[in-house]
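Note that the numbering used here has the sequence shown beginning at 476, numbered continuously upward. Please read the structure below before turning to the comments.
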Amino acid sequence: MKRVTTLLATVSVLAASQASAFAAEITINSFGGAYEEAHRKCVIEPFTAETGADVKIVTAYSADAFAQLRAQKDAPQFDVIHFSGGQEIVGAEEGLLAPIDPSKLSNAADLYPFAGANMEKGEGPAYQIAAIGLLYNSDELAEAPANWVDLMKPEMAEGLVLTDISNTYGLFGFLMLNQVAGGDLDNIEPGLEAVKSMLENGAYVVSKSPEIQQSFAQGGAFIAPYASDYAYTLRKAGLPVKFQQGAEGTPASYITTNLVAGRDNEDLALKFIDIELSPEAQACFADALRYTPTNSKTELPEEVAADVAYGEEGVKSLLRFDPAVIEANRADWVVEWNKAIAQ
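This is the structure we're talking about:
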């Protein structure tokens, strides 16, 4: 009897230990609106169903979330934090984010190499990509635009909508135009000159994504450099807008999931991150919002795949402009941009 009692006690301790590992709460940030709704459906609900753990959501975009993380350095409150502006690079350097051992993630081995390249340095893996390409009215343009340089043709200008570079997607589109015009991150003058020429020929600039929708809806626009997810938004609004990757490359906004340093429930946080990297979660996000999956085993139906950079071929052309260089220069670039578009 004593042996049975001891065995039962041991089992109870193990069960309690497992329960304490999962029956807990983690804190994350999400981006609000439709994104947060998808986050709940694609990741949070499956995570809670599997672990029994609750998820506390702080609605905060990347810059605000990073500011909170810095302010909480000595007593962090987040367990998993998400960024779309490259903040994970600085966060890792400052020791705010913990290195991730890929062997602790069942889905890490299936990521495209770029997505998890610096996990062991503390830079969390990209679990989604917002691909920047060419949005076009398929009723107005019989053929999909194939090249970024095509935007510089005078005949394109009258239907061309550019987005102010205070908008991240607008900035990435501009940096790609600058690149095909002969510039780089050390020299944006070729891009500014190209924009001046476009504006002189009839193109115009908007500041926010809803203004792109308005421009397409009113019939004045038929092409715009912007993100793949927004082509889907416009189509849901009844507009015949499709997404096309430019042959010269596809600027990518990495949406990363990061492990916060200094928290005591790392295993639970890693489980959450692992679910975000799963093909099921990424297919769900792609269906809901048209973000590009980073797990190579993600399978998408044809109508969803057409809106993203999909598969080995689709992700080959993805390129990432250095977030650290962007952060260091963005304010000056905005000043130069404003001068250019005011002329």
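Using N, Cα and C, we set each Cβ at its ideal position, and we do this for glycine too. Here the structure is a predicted model, which is why all the values come from computation and not from measurement.
Residue 485 versus residue 592 - alpha carbon distance: Counting from one through the sequence shown, the residue named residue 485 turns up at place 10. Counting from one through the sequence shown, the residue named residue 592 turns up at place 117. Its pLDDT being 45, under 50, residue 485 is placed unreliably in this model, and the value from its coordinates should be taken loosely. If you take the alpha carbons of residue 485 and residue 592, they lie about 41 Å apart.
Would you kindly check if the distance between the Cβ of residue 792 and the Cβ of residue 585 is under 8 Å? If you number the sequence shown from 1, residue 585 lands on position 110. If you number the sequence shown from 1, residue 792 lands on position 317. No; because the gap between Cβ atoms is not below 8 Å, this pair is not in contact.
Determine, using beta-carbon pairs with one atom in the segment 674-682 and one in the segment 625-634, whether at least three such pairs fall under 8 Å. yes
Run through DSSP, which three-state label would residue 805 get? By 1-based counting over the sequence shown, the position of residue 805 is 330. The answer is helix: DSSP assigns residue 805 an H, G or I state.
Any chance the segment 637-655 sits against the segment 806-817, with 3 or more Cβ pairs inside 8 Å? yes
Minimum C-alpha distance to residue 687 - residue among 651, 610, 516: The sequence position of residue 687 within the sequence shown is 212, counting from 1. For the residues 651, 610, 516, the minimum Cα distance to residue 687 belongs to 610.
Give me the residue from 560, 758, 613 with the minimum Cα distance to residue 783. Counting from one through the sequence shown, the residue named residue 783 turns up at place 308. Nearest C-alpha to residue 783: 758.
Residue 761: beta carbon under 7 Å from a heavy atom of the ligand MG? This structure simply doesn't include the ligand MG, nor any ligand for that matter.
Alpha-carbon to alpha-carbon, residue 547 and residue 694: Mapped onto the sequence shown, residue 694 falls at position 219. Mapped onto the sequence shown, residue 547 falls at position 72. Straight-line Cα distance between these residues: approximately 48 Å.
Proximal residues to residue 607 (C-beta, below 8 Å), its chain only, five neighbours per side dropped: Position 132 of the sequence shown holds residue 607. Answer for residue 607: 644, 647, 648, 651, 700, 701, 702, 703, 725, 726, 727, 728, listed in chain order.
I need the DSSP call for residue 698, collapsed to helix, strand or coil. Here residue 698 is taken as the residue at index 223 of the sequence shown, counted from 1. Correct three-state label for residue 698: strand.
To which residues of the same chain is residue 580 closer than 6 Å at the C-beta, ignoring the five residues directly before and after it? Translated into the one-based positions of the sequence shown, residue 580 becomes position 105. Excluding positions up to five away in sequence, the list reads 749.
So, does the segment 614-622 touch the segment 589-605, judging by three or more C-beta pairs under 8 Å? Short answer: they don't touch.
Do residue 537 and residue 505 have their beta-carbon atoms positioned less than 8 Å apart in this structure? Translated into the one-based positions of the sequence shown, residue 505 becomes position 30. Translated into the one-based positions of the sequence shown, residue 537 becomes position 62. For residue 505 and residue 537, no; Cβs fall outside 8 Å.
Cut-off 8 Å between Cβ atoms - residues of its own chain near residue 756, not counting five sequence neighbours on either side: Working through the sequence shown from its first residue, we reach residue 756 at position 281. Answer for residue 756: 517, 518, 521, 602, 750, listed in chain order.
Are the CB atoms of residue 532 and residue 740 within a distance shorter than 8 Å? Start at 1 with the first residue of the sequence shown, and residue 740 comes out as number 265. Start at 1 with the first residue of the sequence shown, and residue 532 comes out as number 57. Not closer than 8 Å, so no.
Apart from the five residues on each side of it in sequence, which residues of its chain come closer than 6 Å, Cβ to Cβ, to residue 787? If you number the sequence shown from 1, residue 787 lands on position 312. Excluding positions up to five away in sequence, the list is empty.
Could you tell me the distance, in whole angstroms, from the CA atom of residue 567 to the CA atom of residue 797? Here the question's residue 567 lines up with position 92 in the sequence shown. Here the question's residue 797 lines up with position 322 in the sequence shown. Going from the Cα of residue 567 to the Cα of residue 797 covers about 15 Å.
Completely contained alpha helix (DSSP H) runs for the segment 740-804, where each covers 4 or more residues: With a minimum length of 4 residues, the continuous alpha helix (DSSP H) runs that stay inside the segment 740-804 are 741-751, 754-764, 777-780, 786-791.
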